[in-house]
Amino acid sequence: MVHNAPLIPAYGGASLADLPRSLLAALGLDEPNTLGIEPARRICLFLVDGLGAELLRAHAGIAPFLSAAAGRTLTAGFPATTVTSLCSLGTGVPPGEHGMLGLMLAVPGTGHLFNCLRWKLPDGMVMDPDRWQPAATVFQRARAAGVAASYVAPGEFEGTGLTEAVYRGVRYLAAESVDDRVAAVRQAMADSPAYVTVYYGDLDSTGHRTGWGSEEWLRQLAIVDRMAERLAEALPAGAALYVTADHGMVNVTTKLDAESEPALKRGVAMLGGEARARHVYTEVGAAGEVLDAWRETLAGRAWVASRQEAVESGWFGPGVRAEWLPRIGDVLAVPYADLAIIAPSVHKIEAAFIGYHGSMTAAEQYVPLLEVSTR
Ligand SMILES: [Zn+2]
Numbered sequence: 075m076v077h078n079a080p081l082i083p084a085y086g087g088a089s090l091a092d093l094p095r096s097l098l099a100a101l102g103l104d105e106p107n108t109l110g111i112e113p114a115r116r117i118c119l120f121l122v123d124g125l126g127a128e129l130l131r132a133h134a135g136i137a138p139f140l141s142a143a144a145g146r147t148l149t150a151g152f153p154a155t156t157v158t159s160l161c162s163l164g165t166g167v168p169p170g171e172h173g174m175l176g177l178m179l180a181v182p183g184t185g186h187l188f189n190c191l192r193w194k195l196p197d198g199m200v201m202d203p204d205r206w207q208p209a210a211t212v213f214q215r216a217r218a219a220g221v222a223a224s225y226v227a228p229g230e231f232e233g234t235g236l237t238e239a240v241y242r243g244v245r246y247l248a249a250e251s252v253d254d255r256v257a258a259v260r261q262a263m264a265d266s267p268a269y270v271t272v273y274y275g276d277l278d279s280t281g282h283r284t285g286w287g288s289e290e291w292l293r294q295l296a297i298v299d300r301m302a303e304r305l306a307e308a309l310p311a312g313a314a315l316y317v318t319a320d321h322g323m324v325n326v327t328t329k330l331d332a333e334s335e336p337a338l339k340r341g342v343a344m345l346g347g348e349a350r351a352r353h354v355y356t357e358v359g360a361a362g363e364v365l366d367a368w369r370e371t372l373a374g375r376a377w378v379a380s381r382q383e384a385v386e387s388g389w390f391g392p393g394v395r396a397e398w399l400p401r402i403g404d405v406l407a408v409p410y411a412d413l414a415i416i417a418p419s420v421h422k423i424e425a426a427f428i429g430y431h432g433s434m435t436a437a438e439q440y441v442p443l444l445e446v447s448t449r
């Protein structure tokens with residue numbers, strides 16, 4: 075199916091960036107409650123990586139608990155990718171404000187790409203999380219207001235640069251199995267007031283490898299559904315569970331290698347972003363020529379915009395802070411058709427995926443916000 079206009083995220087209305095401050099407001103903090111969340115003493119946010127609203131709807135029978143829960147739909151943000159959405163959830167501001175504008179971004183003035191997920195730069199270079207993402211987190215604000223803020227996730231992410239950048243100030247509770255995570259949430263929810271986030275990542279990683287809707291992915295969806303049910307059963311009185319996701323996913327059969335396609339190579343210095351949301355950094359003075367070439371090559375398959383057009387169209391939010399502008403590609407290429415724009419020398423594993431996300435199609439943008447409450 076071909077979409078002719080990008081689904082611009084509903085920043086300031088119903089986007090992921092609007093969720094955390096609404097939750098804090100429900101816990102009694104002086105924050106904007108844009109989503110109108112009802113007051114609660116304890117809130118658990120179950121963050122399921124890659125659980126798009128359309129994906130869940132397509133397989134409602136595999137996820138009876140989630141499908142029966144009351145809910146609505148939010149837009150993820152642009153790009154629809156984990157680092158960007160985690161940062162929106164961690165800061166409560168849109169990407170243009172927090173600066174986590176994609177998976178791999180140019181570090182201005184260095185000529186290098188920074189992988190914001192792995193927090194990786196070329197050898198010998200390091201990135202200070204406070205410098206890359208200086209905004210206060212909602213966890214810091216919760217703590218300052220006397221709300222116990224906890225994060226339950228596998229130990230491998232504890233202390234990483236990304237965790238420091240987006241979960242700064244949280245109490246990290248490392249838990250591996252589903253059983254351990256449910257137990258850790260139950261314990262953290264004994265605090266009052268409490269704001270507990272619990273993360274599940276295997277649905278997304280499975281979707282990348284085998285495609286969403288595959289047998290393995292459906293097995294993961296069933297695990298997620300049962301985990302949500304157990305988290306709901308563990309709720310103390312006066313509490314609420316919210317289930318959401320950082321983005322959805324599309325399965326892709328057509329790959330275009332931007333490193334070997336002559337029309338896409340001319341004037342290009344670096345290929346950042348990811349396959350469904352490319353940041354194209356051009357050589358000095360080549361931006362116009364690259365924009366024309368990418369537009370022509372990708373006609374009917376991707377939205378192609380200059381940095382200025384993307385910013386003015388509100389892709390990253392109502393505005394982009396001036397200091398973050400150089401992180402954005404001179405040209406952005408965002409597929410809406412069955413297409414992944416791959417760059418194998420930059421990200422070899424990604425080039426072999428079946429499931430992708432990043433773009434502004436409904437399948438990638440829409441995430442559920444489901445609610446179960448004991449208020
Ligand atoms: Zn992913």
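Counting in the numbering used here, the sequence shown runs from 75 upward without gaps.
All C-beta atoms, glycine included, are put in the ideal place defined by N, C-alpha and C.
If you're wondering where the values come from, they're calculated on a predicted model, not measured in any experiment.
His431 - partner residues in DSSP beta bridges:
Answer is none; His431 lacks a bridge partner.
CA-to-CA distance, Gly285 to Pro458, given in whole angstroms
Only positions 75 to 449 of the chain appear in this structure, which leaves residue 458 out of reach.
Would you list the residues sitting across from Thr318 in a DSSP beta bridge?
Leu121
Could you have a look at Leu213 and say whether DSSP puts it in helix, strand or coil?
Inspection of the sequence shows that residue 213 is occupied by Phe rather than by Leu. Helix at Phe213.
Please list, in chain order, all residues of the same chain as Ala249 whose beta carbon is under 6 angstroms from its beta carbon, the five residues on each side excluded.
Val226, Arg255 and Ala258
Let me check you understand the geometry: is the CB of Asp276 closer than 7 angstroms to at least one non-hydrogen atom of ligand 1?
no
Would the stretch 418 to 432 count as touching the stretch 382 to 397 if we require 3 or more Cβ pairs under 8 angstroms?
no
Following a CB-centred definition, is Thr156 positioned closer than 7 angstroms to any heavy atom of ligand 1?
yes
Just to check my reading of the structure: Ala268 and Ala222 have Cβ atoms closer than 8 angstroms, yes? What is that Cβ distance to the nearest angstrom?
5 angstroms
List the DSSP bridge partners of Asn325.
Gly429
Alpha carbon of Ala209 to alpha carbon of Asp412, nearest angstrom
36 angstroms
Status (buried if at least 16 other CB within 10 Å, exposed otherwise) for His186:
exposed
Which of helix, strand or coil DSSP assigns to Ala222
strand
Option nearest Leu163 by Cα separation, candidates Asp197, Phe120, Pro182 and Leu140
Phe120
Boundaries of the beta strand (DSSP E) in which Trp377 is found, first to last residue
Ala376 to Ser380
Where Asp197 and Phe188 are concerned, what is the direct C-alpha to C-alpha distance, given to the nearest angstrom?
11 angstroms
Residues in its own chain within less than 7 angstroms of Tyr238 by CB, not counting five upstream and five downstream?
Residue identity differs from the one stated: residue 238 is Glu in this sequence, not Tyr. Counting only Cβ-Cβ distances below 7 angstroms, and skipping sequence neighbours, we find Pro203.
Please say whether His133 and Leu365 have beta carbons closer to each other than 8 angstroms?
no
Val298: first and last residue of the uninterrupted alpha helix (DSSP H) it sits in:
Glu289 to Glu307
Can you find a heavy atom of ligand 1 that lies under 7 angstroms from the Cβ of His431?
yes
Do you know offhand how far Gly403's Cα is from Ser380's?
8 angstroms
Burial state of Leu81 (16 or more Cβ within 10 Å)
buried
Every unbroken beta strand (DSSP E) within the stretch 166 to 216, with a cutoff of 3 residues, ordered by chain
178 to 181 and 186 to 189
For a test of your reading of the model: does the CB of His282 fall under 7 angstroms from any non-hydrogen atom of ligand 1? Yes or no.
yes
Any idea if Met75 is buried or exposed, counting beta-carbon neighbours within 10 angstroms, 16 or more meaning buried?
Confidence is the limiting factor: at Met75 the pLDDT is only 49, short of 50, which leaves the residue's position unreliable, though a coordinate-based value still follows. It counts as exposed.
By Cβ distance, which residues of its chain are closer than 6 angstroms to Thr393, with the 5 residues on each side in sequence left out?
Checking the displayed sequence, the identity of residue 393 turns out to be Gly instead of Thr. Excluding residues within five positions, the ones whose Cβ falls inside 6 angstroms are Gly170.
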